[in-house]
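Novice: Before I ask anything, here is the structure I am working with.
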Amino acid sequence: MSQKILEKSSSSIAHANLNNVDDMGKHFSYDRYVQELVWFDHGKINAAYNAVTKNAYSARRNKVALYYESDEGLKEKYTFQEVEERSNQIAHYLKKMGVEKGDRVFIFLPRVPELYFSFIAALKLGAVAGTMFSAFGPQALFDRLDQSDAHVLITNKELSQRLDSVRRKLPHLQHVLLTDGNFGAHYQNESKDFTCARTNEDDDAFMLYTSGTTGKPKGVVHGHRAIVHQYLTAKWVLDLKEDDVYWCTADPGWVTGIAYEILGTWANGASTVVTAARFDPADWYRIIQEYKVNVWYSAPTAVRMLAAQSDTLHSKYNLSSLRHLASVGEPLNPEIIHWSKRAYGLPFHDNYFQTETGGIMIANYPSLPIKPGSMGKPFPGIKVHIVDPEGNALPPNSIGRLTFEPNWPSLMKKLWRRPHKYDSYFMKMCPSRKKLYVTGDLAYIDEDGYVWFVGRDDDVIKTAGERVGPFEVESALVAHPDVVEAGVIGKPDELRGQIIKAFVVLQEGVWGNEKKKEEISQFVKKNLAGHAYPREIEFVDKLPKTRSGKIMRRILKAQEMGLPIGDTSTLEEY
Ligand code: PRX
123 MSQKILEKSS
133 SSIAHANLNN
143 VDDMGKHFSY
153 DRYVQELVWF
163 DHGKINAAYN
173 AVTKNAYSAR
183 RNKVALYYES
193 DEGLKEKYTF
203 QEVEERSNQI
213 AHYLKKMGVE
223 KGDRVFIFLP
233 RVPELYFSFI
243 AALKLGAVAG
253 TMFSAFGPQA
263 LFDRLDQSDA
273 HVLITNKELS
283 QRLDSVRRKL
293 PHLQHVLLTD
303 GNFGAHYQNE
313 SKDFTCARTN
323 EDDDAFMLYT
333 SGTTGKPKGV
343 VHGHRAIVHQ
353 YLTAKWVLDL
363 KEDDVYWCTA
373 DPGWVTGIAY
383 EILGTWANGA
393 STVVTAARFD
403 PADWYRIIQE
413 YKVNVWYSAP
423 TAVRMLAAQS
433 DTLHSKYNLS
443 SLRHLASVGE
453 PLNPEIIHWS
463 KRAYGLPFHD
473 NYFQTETGGI
483 MIANYPSLPI
493 KPGSMGKPFP
503 GIKVHIVDPE
513 GNALPPNSIG
523 RLTFEPNWPS
533 LMKKLWRRPH
543 KYDSYFMKMC
553 PSRKKLYVTG
563 DLAYIDEDGY
573 VWFVGRDDDV
583 IKTAGERVGP
593 FEVESALVAH
603 PDVVEAGVIG
613 KPDELRGQII
623 KAFVVLQEGV
633 WGNEKKKEEI
643 SQFVKKNLAG
653 HAYPREIEFV
663 DKLPKTRSGK
673 IMRRILKAQE
683 MGLPIGDTST
693 LEEY
């Protein structure tokens, strides 16, 4: 339990947008801050209007909203006015295609400007925008497009090929629009004026599929009101100021990209940098230098990879524009915080949230002293409780379930067509019967109110900051003709936090050698997703199961890590 506090410069504290989180927390109410957003009428707000249109009709009109670099080094920039016009043109085009309020419009693109314009366009129409990470394979695409009954898919020629084998099983998918085909060529003929839908604050705005321990991915749906929390957290946690150039390295296929590369960022008027290229340490430093990035938001795995480079690499670049660094998605090791302070003169600030929470919940703020290893303190207004499985509040420094009182605007509205699963996220506190949202994480709070992450309370895997459900990987594995059954766990890894490890039972007579491991691993990579395949495979004769036949991943994990296997009373003979 490291309690040492990291010193910060007084100027970083003095100029922070939020100068005292404890004081703010005492009398915080969203009511005061909702006025900073544009409401059409009582209870009517559109997130896209607040991210883009509002700026396009203000002094920020000619300010760059999006700096873009393609993977071939092509550079473009778009002002708020231009993002407004492009998204309006796409909104018209989609409307002509028959898209109506509430229809699902999915976007499956690498990080290209059309991804951002299309996302905003869908929201302007009152449609529900869904984004999918460009590493997804046919199975992952099918699961999402099928479960959501998506009407339209915006993609490109290359990625659309992954749809070929499943398209005929998607009867609701009426249009597949290609940015490098007809769609890209024609939408720019549409009118640049469009009247944004006067959506209600709790109308569906966007959805993201995410994984749990069991079953297929769930469609987490957020309302337009989510922008209230995203705007305020971008301001107080990421410390965004309107003149900032800001770089979030996440992909809009995940919640961080939606909340903090598009909505929260633009609502604050900051310029966002988007690069399509893959991670490359020297190139990342070049980007910071070239665009004079002030605020940089990334993931611990990327920072660990940067720290693993030679000590001279970062010193070859002028990184003096940087003012604030933050990271999210997985634990940030204290050594990395100290390293970044030495290397960049600034510490990374860890913060915490989930696809379901729609925005940052716990954070290290520029003005708050950092206890390296802690996720920081709850955002003002957020009420955290650490409880035991019965809902009893636990005292400071006791590990328990991390829960929140469900009182913030970006909490998911629902899971798409899975009401029972949605209900399973909530429990009652004891004895007050207060409703709690249960994160699925284990944590404790110290006597100063700092929250410390301990681990997941379920089998969900976090690899390089990306969330993967073991069931999906197991299903993809057993689709291979040589695999009888499979159990998948997250194995601790110094660089990636966890890697996916699969225990595989092969068909009788199949030889389990290295070549077979590679073949199976590539099979999952191709069919499921480029980031969600097992980097390690172990062939076994049998898997530990309960008497009812459920694979006990807990035992696989304990065995892998050489830990006691715990209660085995429900284990079938193994
Ligand atoms: O286990 C927690 C971990 O990431 C999960 C949420 O993943 P996802 O829905 O993909 O959202 C990512 C958006 C940030 C959490 O339940 N997690 C998130 N932030 C942290 C973290 N684990 C440790 N430290 C964090 N700062």
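Under this note's numbering, think of the first position of the sequence shown as 123, with each following residue one higher. The beta carbon of each residue, even a glycine, is placed where N, CA and C say it ideally should be.
1. By Cβ distance below 7 Å, which residues in the same chain neighbour Arg-426 in space, the five residues on each side in sequence not counted?
2. Give the list of continuous beta strand (DSSP E) stretches no shorter than 3 residues that lie fully inside the region 502-580.
3. With C-beta atoms as the reference, is Ala-213 less than 8 Å away from Leu-247?
4. Quick check on Phe-230: does DSSP put it in helix, strand or coil?
5. For the ligand PRX, which residues have a Cβ under 7 Å from at least one heavy atom, in chain order?
6. Please name the residue in Arg-539, Lys-543, Val-560, His-542 whose C-alpha comes closest to that of Met-549.
7. DSSP three-state label for Met-683, please.
8. Using only alpha-carbon positions, find the residue among Val-662, Phe-593, Glu-694, Ile-611 that is nearest to Thr-336.
9. Since Val-610 and Leu-628 should fall inside the 8 Å C-beta cutoff, what is the C-beta to C-beta distance between them, to a whole number of angstroms?
10. Spatial neighbours of Lys-176 within its chain, please: CB distance less than 6 Å, with the 5 preceding and 5 following residues excluded, ordered by chain position.
11. Between the alpha carbons of Leu-292 and Gln-269, how many angstroms are there, rounded?
12. Could you tell me if Ser-496 is buried or exposed, where buried requires 16 or more neighbouring beta carbons within 10 angstroms of its beta carbon?
13. What first and last residue would you give for the alpha helix (DSSP H) that runs through Trp-461?
14. Taking Ile-349 as part of the beta strand (DSSP E), name the residues at either end of that continuous run.
15. Based on the DSSP secondary-structure assignment, which residues constitute the bridge partners of Phe-258?
16. What number of angstroms, rounded off, separates the C-alpha of Leu-275 from the C-alpha of Ile-229?
17. Distance check for Pro-456 and Pro-469, CA to CA, integer angstroms please.
18. Return the first residue and the last residue of the alpha helix (DSSP H) that His-344 is part of.
19. Which two residues bound the contiguous alpha helix (DSSP H) that contains His-214?
20. Under 8 Å by Cβ, that's how I've got Val-626 and Ile-583 pegged, so tell me the actual separation to the nearest angstrom.
21. Mark Asn-311 as exposed unless 16 or more other C-beta atoms lie within 10 angstroms of its C-beta, in which case mark it buried.
22. Would you give the residue range spanned by the beta strand (DSSP E) that Asp-405 belongs to?
23. Should Leu-428 be labelled buried (16 or more other beta-carbon atoms within 10 Å of its own) or exposed?
24. Alpha carbon to alpha carbon, how far is Lys-338 from Val-600?
25. Classify Ala-181 as buried or exposed, calling it buried when 16 or more other Cβ atoms lie within 10 Å of its own Cβ.
26. When the Cα atoms are used, what is the spatial distance from Ser-240 to Thr-477?
27. Should Leu-196 go down as buried or exposed, given a rule of 16 or more other Cβ atoms within 10 Å for buried?
28. Within a Cβ cutoff of 7 Å, which residues of the same chain sit near Tyr-152, ignoring the five residues on either side of it in sequence?
29. Looking at the secondary structure, which residues open and close the beta strand (DSSP E) in which His-297 lies?
30. Measuring straight from C-alpha to C-alpha, what distance separates His-137 and Tyr-466?
31. Please classify Ile-677 as buried or exposed, where buried requires at least 16 other C-beta atoms within 10 Å of its C-beta.
32. Could you name the residues that DSSP lists as bridge partners for Met-329?
33. If contacts are defined as beta-carbon pairs under 8 Å, then Tyr-413 and Asn-390 qualify, I think. What distance do you get, rounded to the angstrom?
34. Taking all protein chains shown into account, do 16 or more other C-beta atoms lie within 10 angstroms of the C-beta of His-308, making it buried, or fewer, making it exposed?
35. Taking the continuous alpha helix (DSSP H) assigned at Asn-304, which residues delimit it?
Specialist: Quick look at the numbers:
1. Ile-458, Leu-617
2. 506-509, 522-526, 548-550, 557-567, 573-578
3. yes
4. coil
5. Thr-332, Trp-376, Val-377, Thr-378, Val-450, Gly-451, Glu-452, Pro-453, Leu-454, Asp-472, Asn-473, Tyr-474, Phe-475, Gln-476, Thr-477, Glu-478, Met-497, Thr-561, Gly-562, Asp-563, Phe-575, Arg-578, Val-582, Lys-584, Glu-588, Arg-589
6. Val-560
7. Residue state, collapsed to three classes: helix.
8. Phe-593
9. In fact, because the Cβ distance is near 15 Å, the residues do not count as touching under 8 Å.
10. Val-160
11. Approximately 10 Å, taken between the alpha carbons.
12. buried
13. 456-466
14. Careful: Ile-349 lies outside any beta strand (DSSP E), inside the alpha helix (DSSP H) at 348-358.
15. Ala-651
16. 6 Å
17. 10 Å
18. Note, His-344: premise wrong, no alpha helix (DSSP H); beta strand (DSSP E) at 340-345.
19. 202-218
20. 16 Å between Cβ atoms; not a contact.
21. exposed
22. If you look at Asp-405, you'll find it isn't in any beta strand (DSSP E); it sits in the alpha helix (DSSP H) that goes 403-413.
23. Leu-428 counts as buried, since at least 16 other C-beta atoms from the protein chains shown sit within 10 angstroms of its C-beta.
24. One C-alpha to the other measures close to 15 Å.
25. exposed
26. 20 Å
27. exposed
28. Val-350, Gly-503, Pro-531
29. 297-300
30. 19 Å
31. Counting the other Cβ atoms within 10 Å of the Cβ of Ile-677 gives 16 or more, which makes it buried.
32. In the DSSP output, where bridge partners are listed per residue, Met-329 has Gly-252, Val-343.
33. Rounded, the Cβ-Cβ distance is 17 Å, inconsistent with contact.
34. exposed
35. Start and end: 304-308.
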